[in-house]
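Just add 23 to wherever you are in the sequence shown, counting from 1, and you've got my numbering.
Reading through the structure tokens given below for one structure.
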Amino acid sequence: THVRTHPARLHARTQSAISEKQRRCLIHTRITSRKPAPMTDNSFERFLEATFIGFLSAVSLMLGSWLGLTFKPTRKVAGIFAAFGGGALIAASTVELIAPVAERAGHDEHGSPHR
24 THVRTHPARL HARTQSAISE KQRRCLIHTR ITSRKPAPMT DNSFERFLEA
74 TFIGFLSAVS LMLGSWLGLT FKPTRKVAGI FAAFGGGALI AASTVELIAP
124 VAERAGHDEH GSPHR
């Protein structure tokens with residue numbers, strides 16, 4: 024009679040039967056054979072938007088540095104700006120961490136459950 028083998032055990036046997044070099048070759052083939060995502064019609068517009076936002080953030084950093092070195096704020100003013108920056112960083116981090124969790128839980132961008 025034919026003895027049926029559980030698929031997990033069969034998979035484990037075939038995995039141990041191939042060499043490490045063959046395994047690396049298989050992984051490399053899987054990774055490199057993936058097709059890139061197709062270009063959408065608005066991809067260049069999104070590129071320009073991302074470039075503009077990156078430019079704006081770089082300019083604001085340089086402007087803030089120049090203002091701080093030129094006008095020498097007091098310790099109190101520097102503390103207020105540092106506190107505001109820390110709060111903005113915490114808020115941005117929270118949004119970045121919570122958004123994927125809310126999507127997985129089945130909520131839309133307004134917090135309402137999907138139906």
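The beta carbon of each residue, even a glycine, is placed where N, CA and C say it ideally should be.
Exercise. Consult DSSP for Thr-97 and reduce its assignment to one of helix, strand or coil.
Key: On the sequence shown, residue 97 is found 74 positions in, with the first residue counted as 1. Of the three classes helix, strand and coil, the one that applies to Thr-97 here is coil, per DSSP.
Self-check item: Whole runs of the alpha helix (DSSP H) within the stretch 74–131, excluding any shorter than 4 residues
Solution: With a minimum length of 4 residues, the continuous alpha helix (DSSP H) runs that stay inside the stretch 74–131 are 98–128.
Quiz item: In this structure, does DSSP put Ser-66 in helix, strand or coil?
Solution: Walking along the sequence shown from the start, residue 66 turns up at place 43. Of the three classes helix, strand and coil, the one that applies to Ser-66 here is helix, per DSSP.
Quiz prompt | Length of the line joining the Cα atoms of Ile-76 and Leu-86 | solution = Against the sequence shown, residue 76 aligns to sequence position 53. Against the sequence shown, residue 86 aligns to sequence position 63. Each residue's alpha carbon lies about 15 Å from the other.
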